[in-house]
Amino acid sequence: MVNMIKVKHKSNLSALKKSIELLGKSRVYVGIPAENASRDNGNDINNAELLYIQTHGVRKKSMREEMQLALNEGKAYSKAYEMYIKSHGSPLWHVPPRPVIEPAINYNKKEIAKRLITAYGKAMENIYAGDSMQTAMQHLEVVGMYAQNIVRAWFTNPNNGWEPNSPLTVSKKGSSNPLIDTGEMRKSITYVVKSDE
């Protein structure tokens, strides 16, 4: 004779599935969100724009003006750039590129990936245990904070490979640290955890 046992499972599988799908679409972003971009010095340029300029550098004005003439004639940017190089040789930077976010993340990508894997695992455990989605997402928040701090530390990391400030810049600014004056741009770098839906 076989005894029958009736098992009741009170979990809501559809809610569990929805939470797992939401977690799967969740991403950690590091950068300067619009709400952190403004500068207190009254400039028209905000921190996000300034970081973009610093990341890509600034060509000398004479080069930009000459290339603009070719662009105005309908030539592609790559063609205008090629024409300038053929006429003048390698362009000199007025402000050398000093990229921040991408190289900082790439330099630390193995540790960030390891932490993300752990965070997603812990978040899944929270979801399975019936905790709120907010509780599960806190694990991603921790990784976001870690990545934010890595990017902020890149400003003084000797592995950033940035060109030093020119002597003129050092004398005007009173510091040899590239990209650090008031620290406002560095402090505006933060993280956001959001769902890509």
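Count along the sequence shown from 1, add 1346, and you get the number used in the working numbering. In this text, a Cβ means the ideal position worked out from N, Cα and C, and glycines have one as well.
The closest CA to that of S1365, considering only I1458, M1470, Q1400, Q1484, is found on M1470. For K1460, the enclosing alpha helix (DSSP H) has its first and last residue at 1455-1474. Counting other Cβ atoms within 10 Å of its Cβ, G1507 stays below 16 and is therefore classed as exposed. The straight-line gap separating the alpha-carbon atoms of V1538 and A1426 is approximately 38 Å. If one requires a minimum length of 3 residues, the beta strand (DSSP E) runs lying completely within the segment 1361-1438 are 1372-1377, in chain order.
In the displayed model, T1528 falls within coil according to three-state DSSP, outside both helix and strand. Of all C-beta pairs linking the segment 1474-1482 to the segment 1361-1377, three or more are shorter than 8 Å, placing the two stretches in contact. For Y1453 against N1505, the beta-carbon gap comes to about 6 Å, under 8 Å, which counts as contact.
In this chain, the beta strand (DSSP E) harbouring V1539 covers 1536-1541. Rounded to the nearest angstrom, the gap between the Cα atoms of I1458 and D1390 is 35 Å. Contact check for N1393 and M1531: beta-carbon distance about 5 Å, within the 8 Å limit, so the pair qualifies. Taking 8 Å as the upper bound for CB-CB distance, L1415 and Y1423 are not in contact here, some 13 Å apart. The beta carbons of A1499 and V1374 sit no closer together than 8 Å. In this structure, V1497 places its C-beta atom within 8 Å of the C-beta atom of A1450. For V1441, DSSP records a beta bridge to V1404.
N1523 and T1502 do touch by the CB rule: their CB atoms are close to 7 Å apart, below 8 Å. Proximity to G1529 across D1386, K1363, E1411 peaks at D1386, based on C-alpha coordinates.
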